[in-house]
Each structure stands twice: as structure tokens, then as C-alpha cells.
Amino acid sequence: MEYRKNDLVTLEIEDCGIDGEGIGKADGFTVFVKDAVIGDTVTAKIMKSKKHYGYGKLMEILKPSPYRVEPKCAFARQCGGCQLQALSYEHQLVFKTNKVKGHLERIGGFKDLPMEPIIGMDEPYHYRNKAQFPVGRNKEGKIITGFYAGRTHTIIENRDCALGVPENKEVLDRVISHMEKWNIAPYDETTGNGLVRHILIRYGYFTGEVMVCLILNGTKLPHEDELTEKLREIKGMTSITINVNKKKSNVILGEEIRILWGQGYITDKIGDISYQISPLSFYQVNPKQTQKLYAKALEYADLHGDETVWDLYCGIGTISLFLAQQAKFVRGVEIIPQAIENANENARINNITNVEFFTGKAEEVLPREYEKNGIYADVIVVDPPRKGCDETLLETMIKMQPKRIVYVSCDSATLARDLKYLCANGYSLTRVCPVDQFGGTVHVETVALLSRNN
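This is how it looks when you write it as C-alpha cells:
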């Protein structure tokens, strides 16, 4: 039977899509329903209909799933940040394991996966050390901040995200009251007018240091000194900066940073290593789980002190410095020059000398260093962005013939695609372990070990 738009259907939710939506069938017609969880019986209204499947809006939960829990956050349904808050944490981990497994089997073509149990979180809330709050106005014209609703740029007002730290609200309250007092306009995406675009807050979990960076459509904020005084009342305040972004685009940060007060960075630790983090640095958002993730990557790298290691997409050197503790020499590559400055500084503050960092695209630096300077690797560690590795980079990795490749991934679909390529060219997938860095959301990190076939 075919269903049309606005039809009401009753569904038993039997599966979960990769974006966390519930999946049920009505007379063989598959319906994807956001906010429904496995085990629910629901009424859904068809919003979009294709030949064999459709998308429905959750209208009523007729019988709740035994895995359904009350979300901690009142905005969990509207906000685009969390997709799985209504699913018990135990079953979030089952969903994430199945997501990784499904991608590796379907896209990668792997069978009999050497999967290890997912490494979950002790506390799946209040774990994020970074938040970027867009600033705008609501329908009444009041200045608001919060997070975008799913797939839109409509701000759902919320100053106290359940995944973030309590300091976020203290910062936002002060910035917004300053804007109201001095009549400072938030940025308007449609017209390109207004000044304050985003408020970026970082928190050092192990140091208690707080950073505030105001992203402006201009170079100066009215009465900066007065706001600085107010922000300095917050415990741990270490860095207050302005980031200039006058581009009419939805990229959050611009290039230029000016320090209003304190220093241009905060310091935090992963394990025994300290890192300086600037507003532009990429740094894992969940430091407690990152320690578990890196420990797993280090275990897979199996270093004994005489290996040469390449760390591709090294950022501010987070994994490189971790590996350098057990390797003979580590070379890191990253495209963002400021991240490389941070990486060199991080090596210096930790007295780590057996590392060298290169600025550039991994897919250009690695072939150049290999072909021109004959630099090889015993182990390659790669932690690419969501889009995965460039094919020329995979080709060079194959040419360099490292004994082991440790692939740290934030997107199991591109991971599966890249592993398929590497395993068709002389490597075998020997270990895989998912690590949950993002409770309440559909995202999951994975560490995979590839060993060279003899």
C-alpha cells in the first residue's frame, strides 16, 4: 500500500537510522520518524512520501519503548544538537556499535569483524569542553542565544545546554546583558548587518581555565573594558578575545584574533600531556573520553621505542605528543598554520623533542617527503575530518608500506570506504573499537588497526 502526505499511520518502531530516527513499517511501507525510539508504538503523520518509504512526524506515543527515558534537556526535541536523549544510554551504545558494524559490513564489505566492545562514558551529560552559541533575535525582537534547530538556522533559545559546563550560562548572561545595556545588535544572517555573531566558550576540564571568544562582524565591541570586568568575575577566566569575521557566510570563525584580556589560549591536559588551546585550535570536545580514545590508538600502534611514526591531520599535536612518549620519532602534518604553531609550543611545554611538524595538506606533504627525502614510516596514525582521507594520501600510505596503520575516525561511513581501499592493497583489518565521545548524539568515534600482509 502507498501512503500520501498527511496520512496518519500507526507504527511499531523496530530499527534506528544512522541519524537516530526511528524506523517502522506500515503494510511494507517504511517510515522514518524523528524522536521515535526502538520499541515504541507510535502514531506518525506522513510529511514526505516516496515510492517505498516516507518521512513521518511523531504525533503520539501509544506505547513507550522499555528503552525510552526522559531527556535531561527540555529542548532535546527541537534542538539540532542531540538526537538520542530519549534513548537510554545503554541502548545508545548498542545503536552506535551497530552503526559502526553496519557501515563496515555494507560499505566496507567486511565479514567477521574483529570488533571490541564499545568504550562508553561514565557520565553522558556535561562532558563538552567547547560550545559555540549563535546570537540572534526571537520573534519579539529580544536578543537570544542557543543552538540551531535541526537542519535550520533558527535559534532554539537555551543558555544552559545539558551537554555543556555551568560556566557557559554565566558567560552568556553577562554578554547578553552587556548587549542589551549598550544596544549592541546581534548579527543578522539575511541582511549581513549587526555585530555579534557567535560566542565561543572553552573550558579546561583538568585546569578549570575558561576562554571566551566573541565572534564579531567588525573589529571592536562598544565598551569592551566594561564587559571584560564582568567576565573576569567568573572563576577560572583566563582568556578573553575577539575574533573578526566580516564574511557573509556561515563559517563561524574568521582569521584575525585580538586579545581583550589575559592570554590568547587556555591550557588543558590529556593524560600526562598539557596542551595550549587557542580559539582556532581543533581540540577534542570530550577530554575524558579522548584519553580513552588515544590510549586505544596507542595500544594499536604497539610502539616499543624504535619506530618512526607519521601522524596525519595532527591538529595541535594531540595524538603526536601522546605517541612520542613511546616512539623513536613522530612527524605530524596539519593544514592550519596556527595549529602547527600550537603543536610546536605544546611539544616545547612538555619537553618533547622527538617530534617534527609540517604545515600543509597531508595528501601533498606525505608524498613529497616520501619521494624527495625518502622519509618512511613504521606506523602511520591518521585522524581525518568527516570526509575521510584523500585517495592520493591512501595511495602514498600504500607505497610507504608501514607495518601498521591506526585509523581514528569520526565518521564510520568514510572509515569503511577508506578501509576497503587499504585492505584491497595489502592490508588486513585486525582490530576495531568504537569509542563514544558524544553521549545523546548519533556521533561515534572508531579506532581501527590495519596490519600489513606479509
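For what it's worth, this note's numbering labels the leading residue of the sequence shown as 793, then goes sequentially. The beta carbon of each residue, even a glycine, is placed where N, CA and C say it ideally should be. If you're wondering where the values come from, they're calculated on a predicted model, not measured in any experiment.
- Less than 9 Å divides the Cβ of Ile-1058 from the Cβ of Tyr-995.
- Relative to the Cα of Asp-811, the nearest Cα in the group Lys-961, Ala-1205, Leu-1085, Asn-1037 belongs to Ala-1205.
- Shown here for Ala-1119: same chain residues with a beta carbon closer than 6 Å to its own, the five before and five after excluded, namely Leu-1095, Glu-1099, Val-1101 in chain order.
- When C-alpha distances from Asn-921 are compared across Glu-1183, Gly-1124, Pro-1071, Val-1198, the shortest belongs to Pro-1071.
- As summarised for the segment 1151 to 1232, the continuous alpha helix (DSSP H) elements at least 4 residues long and confined to that stretch are 1154 to 1165, 1183 to 1192, 1204 to 1215, given in chain order.
- The C-beta distance from His-895 to Ala-1208 rounds to 4 Å, short enough to fall under 8 Å.
- The beta carbon of Ile-1167 sits closer than 6 Å to the beta carbons of Glu-1161 from its chain, once the five residues preceding and following it are set aside; these are given in chain order.
- For the 9 Å CB-CB criterion, Val-927 and Tyr-979 form a contact.
- When C-beta atoms of the segment 934 to 952 are compared with those of the segment 1008 to 1020, fewer than three pairs fall below 8 Å, so the two segments do not count as touching.
- DSSP places Arg-860 within a strand segment (E or B) once states are collapsed to three.
- Val-1077 and Thr-833 have their alpha carbons spaced roughly 35 Å apart.
- Just so you know, the alpha carbons of Val-1234 and Gly-1124 end up roughly 29 Å apart.
- Rounded to whole angstroms, the separation of the alpha carbons of Gly-938 and Ile-948 is 5 Å.
- Comparing alpha-carbon positions, the option among Asp-799, Ala-878, Leu-905 lying closest to Lys-826 turns out to be Ala-878.
- Distance from the CA atom of Cys-1215 to the CA atom of Ile-935, rounded to whole angstroms, is 53 Å.
- With the rule of 3 Cβ pairs closer than 8 Å, the segment 863 to 877 does not count as touching the segment 832 to 847.
- Judged by beta-carbon spacing, Gln-1117 lies within the 9 Å limit of Asp-1064, meaning their Cβ atoms are closer than that value.
- Between Leu-1045 and Ile-1032 a beta carbon distance of about 16 Å is seen, past the 8 Å cut, so the two are scored as non-contacting.
- Residue pairing from DSSP places Tyr-845 in a beta bridge opposite Thr-822.
- The residue among Val-988, Cys-874, Asn-1134, Ala-1240 with its C-alpha nearest the C-alpha of Leu-1113 is Asn-1134.
- Contact check for Gly-1231 and Gln-884: beta-carbon distance about 7 Å, within the 8 Å limit, so the pair qualifies.
- Sorting Ile-1141, Lys-1153, Lys-1179, Pro-958 by C-alpha distance to the C-alpha of Pro-1129 places Lys-1153 at the top.
- Here Val-1239 is near Ala-1089, since their CB atoms are less than 9 Å apart.
- For Asp-1017, the enclosing alpha helix (DSSP H) has its first and last residue at 1016 to 1023.
- Counting other Cβ atoms within 10 Å of its Cβ, Pro-1177 stays below 16 and is therefore classed as exposed.
- Rounded to the nearest whole angstrom, the CA to CA distance from Glu-1047 to Ser-1073 is 12 Å.
- In this model, Thr-1030 and Tyr-1067 are separated by some 15 Å (Cα to Cα).
- DSSP places Lys-931 outside any alpha helix (DSSP H), giving it a letter other than H or E.
- Ile-1197 counts as buried, since no fewer than 16 other beta carbons sit within 10 angstroms of its beta carbon.
- The alpha-carbon separation between Thr-946 and Val-1036 amounts to approximately 23 Å.
- Looking only at Ile-1069, Asn-960, Ile-1141, the smallest Cα-Cα distance to Ile-1026 is reached by Asn-960.
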